[in-house]
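Q: Residue numbers (UniProt numbering): 1 to 524.
Ideal placement from N, C-alpha and C gives every residue a C-beta, glycine not left out.
Keep in mind that this is a model prediction, so the values were computed, not measured.
Handing you this structure, nothing more for now.
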């Protein structure tokens, strides 16, 4: 790779400002070599590349291999796209796609008969963009044997019509898996191409490291093969998903897979984390709550793990030397996650564990100080901290106004000394950090309409940038090597058309990513 000399712009190291930067051998050096290639920043900003502290690159990349329903704004548009795709792929046994907007139907309830209008002869299964819900046609329900007499599984709901017949919407693990387990597996070439597509997407947004927050064992070889082929264009840490029913058997398997990744020696891939789903999502009524939902006063949601079982499993994987990464959305789920981390710290020898609670949506005020006390990293998806239709149509009506205003306490936790990291949950929501930074600093919708929502939780632009750079590097145990532009560190860089610190926060989304470098090699 060539030596580089960036000049004619602003360089933000993460802590201070400079006018140029030199790179040699993929690392930042104190001065440029005589034959360095000059990169003209054209008055823009060079800064540490972004990281994504919680995303699903494999799932996001594979969505490109199905009907393109993400971003469509009506049920009719989705049905038409599914029909178009099915007609162009007549030999496919299943039509599989994501991610539809669950707010497009009342209460997020989608009918199989709507999809039957487009495809009746083959099974269709679409994931909602929260990846906790699927929408199926009648053929998919029949293939899975789901009928009026099929009981709800332990972890999941089969939504039904008034006559008891299955509607076509399935929520949470065991219900969704009734159908998803029947979908034919992707080939290795398809999986590698999915990761290549994810890499192109991430690079175009200035991202060079991703926490893959949901890895099944079969995906590990795809990551290693993509790295061997030169198709993996980002650093990735893999988080194995712990299953509440089989986790004791998973312990030796996960440790073995971690060693497999280490032995492979692919510099871009690590596998040091175990992922837990403490609960579901508020918009689906499955996030675990301390008090019942307003719209369903008999329900406090659906914990994926009973709190005592979660604590036992977290302590076990912590003892195995894994970082734990816990999806926790509701205040009940977050309390269970904090209790689990507390048990691990109490029972196991001290070590630099850096546990992560991901999403951190609704925190009971009594639990806020515990994040710092336990050394928990609060991972946020900042794009969610706005009053968009998901909030106004589904979330706020379920929570009521007083609890709704407690969501995403970014500034409160930062002021309590908690380490923050930002992510996207892509493909659940946009992967673009600049959009997340705009929302984190304004708490308004991207068009800037209306007043700021919970304005006391707004972050400064520098704090938001730090959460996407040094905050994510800390989560990755990589602060000695990445997250800042210090001499000797890896040249993971992003070139922006303007300095976000000098722009109107409501216009941050208009800043362009002009270039991305991974260890000194340009990926975009």
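Measuring straight from C-alpha to C-alpha, what distance separates residue 337 and residue 331?
A: So the two alpha carbons sit approximately 10 Å from each other.
Q: Return the first residue and the last residue of the alpha helix (DSSP H) that residue 184 is part of.
A: Per DSSP, residue 184 belongs to no alpha helix (DSSP H) and is neither H nor E.
Q: Where do the N-terminal and C-terminal ends of the alpha helix (DSSP H) with residue 470 fall, by residue?
A: Residue 470 -> alpha helix (DSSP H) spans 470-475.
Q: What are the start and end residues of the beta strand (DSSP E) that includes residue 48?
A: Unbroken beta strand (DSSP E) run through residue 48: 45-48.
Q: With DSSP collapsed to three states, give me the class of residue 521.
A: Here residue 521 sits in strand by DSSP.
Q: If you pair each beta-carbon of the segment 286-295 with each one of the segment 258-270, do three or more pairs fall below 8 Å?
A: Contact between the segment 286-295 and the segment 258-270 is absent, because fewer than three Cβ pairs lie under 8 Å.
Q: Quick one: grab the DSSP three-state call for residue 296.
A: Residue 296: coil per DSSP, three-state reduction.
Q: What are the start and end residues of the alpha helix (DSSP H) that includes residue 214?
A: Segment 207-215 is the beta strand (DSSP E) holding residue 214; no alpha helix (DSSP H) there.
Q: Going by CA-CA distance only, name the one from 27, 37, 14 and 26 that's closest to residue 7.
A: For residue 7, the nearest C-alpha among the options comes from 37.
Q: Suppose only complete runs of 4+ residues qualify. What are the alpha helix (DSSP H) ranges in the segment 242-271, listed by chain order?
A: With a minimum length of 4 residues, the continuous alpha helix (DSSP H) runs that stay inside the segment 242-271 are 247-264.
Q: For the beta strand (DSSP E) containing residue 85, name the first residue and the last one.
A: Element bounds for residue 85: not the beta strand (DSSP E) but the alpha helix (DSSP H), 75-88.
Q: Roughly how far, in whole angstroms, is the beta-carbon of residue 530 from the beta-carbon of residue 483, given that I think they are within contact range, below 8 Å?
A: Absent from the model: residue 530. The displayed extent of the chain is 1 to 524, so no value can be given.
Q: Using a 10 Å radius around the Cβ and a threshold of 16 neighbouring Cβ atoms, would you call residue 489 buried or exposed?
A: Under this definition residue 489 is a buried residue.
Q: Return the CA-CA distance between residue 592 and residue 123, expressed in angstroms with no decimal places.
A: Nothing can be reported for residue 592, as the shown portion of the chain is limited to 1 through 524.
Q: What number of angstroms, rounded off, separates the C-alpha of residue 302 from the C-alpha of residue 174?
A: Each residue's Cα considered, the two are about 12 Å apart.
Q: Going by beta carbon distance, what residues of the same chain come within less than 6 Å of residue 481, once the five residues before and after it are set aside?
A: So the qualifying residues of the chain are 489 and 490.
Q: To the nearest angstrom, how far is the alpha carbon of residue 249 from that of residue 316?
A: Approximately 12 Å, taken between the alpha carbons.
Q: Taking just the CA atoms, how far does residue 272 sit from residue 323?
A: Each residue's alpha carbon lies about 6 Å from the other.
Q: From residue 457 to residue 149, what distance separates their C-alpha atoms?
A: Those two C-alpha atoms are separated by around 47 Å.
Q: Keeping to the same chain, check which residues put their C-beta closer than 8 Å to that of residue 455; ignore five residues upstream and five downstream.
A: The answer, listed in chain order, is 443.
Q: Helix, strand or coil for residue 510, going by three-state DSSP, please let me know.
A: Here residue 510 sits in helix by DSSP.
Q: What residue range does the beta strand (DSSP E) around residue 494 cover?
A: Counting along the chain, the beta strand (DSSP E) containing residue 494 begins and ends at 493-496.
Q: What are the boundary residues of the beta strand (DSSP E) that residue 6 is part of?
A: Start and end: 4-7.
Q: Quick check on residue 407: buried or exposed, where buried means 16 or more other Cβ atoms within 10 Å of its Cβ?
A: That one is buried.
Q: Taking C-beta to C-beta, are residue 325 and residue 378 nearer than 7 Å?
A: No, the Cβ-Cβ distance between residue 325 and residue 378 is not below 7 Å.
Q: Counting C-beta neighbours from all protein chains within 10 Å, is the total for residue 241 16 or more, i.e. buried, or is it exposed?
A: Label assigned to residue 241: buried.
Q: Which parts of the segment 295-333 are runs of the beta strand (DSSP E), unbroken and 3 residues or longer, counting only runs that do not cross its ends?
A: List check, beta strand (DSSP E) in window: 323-328.
Q: Would a C-beta distance cut-off of 7 Å place residue 433 and residue 63 closer than the cut-off?
A: For residue 433 and residue 63, no; Cβs fall outside 7 Å.
Q: Given this structure, state the Cα-to-Cα distance separating residue 251 from residue 346, to the nearest angstrom.
A: Cα-Cα distance, rounded: 20 Å.
Q: Report yes if the CB atom of residue 521 is closer than 7 Å to the CB atom of residue 1, and no otherwise.
A: The answer is yes: Cβ separation under 7 Å.
Q: Return yes when the Cβ of residue 75 is within less than 7 Å of the Cβ of residue 114, no when it is not.
A: Result yes, Cβ atoms of residue 114 and residue 75 sit closer than 7 Å.
Q: Excluding the 5 residues preceding and the 5 following residue 307 in the sequence, name in chain order all residues of the same chain whose CB lies nearer than 7 Å to its CB.
A: These residues qualify, in order along the chain: 336 and 339.
Q: Taking the alpha carbon of residue 321 as the reference point, which residue from 215, 344 and 309 has its own alpha carbon closest?
A: The residue with the shortest Cα to Cα distance from residue 321 is 344.
Q: Go ahead and pull the three-state DSSP assignment for residue 431.
A: In this structure, residue 431 counts as coil in the three-state DSSP scheme.
Q: Would you mind stating whether residue 11 and residue 206 have Cβ atoms separated by less than 7 Å?
A: No; because the gap between Cβ atoms is not below 7 Å, this pair is not in contact.
Q: Among the candidates 235, 501, 516 and 510, whose CA atom is the shortest distance from the CA of residue 16?
A: Out of 235, 501, 516 and 510, 501 has the C-alpha closest to the C-alpha of residue 16.
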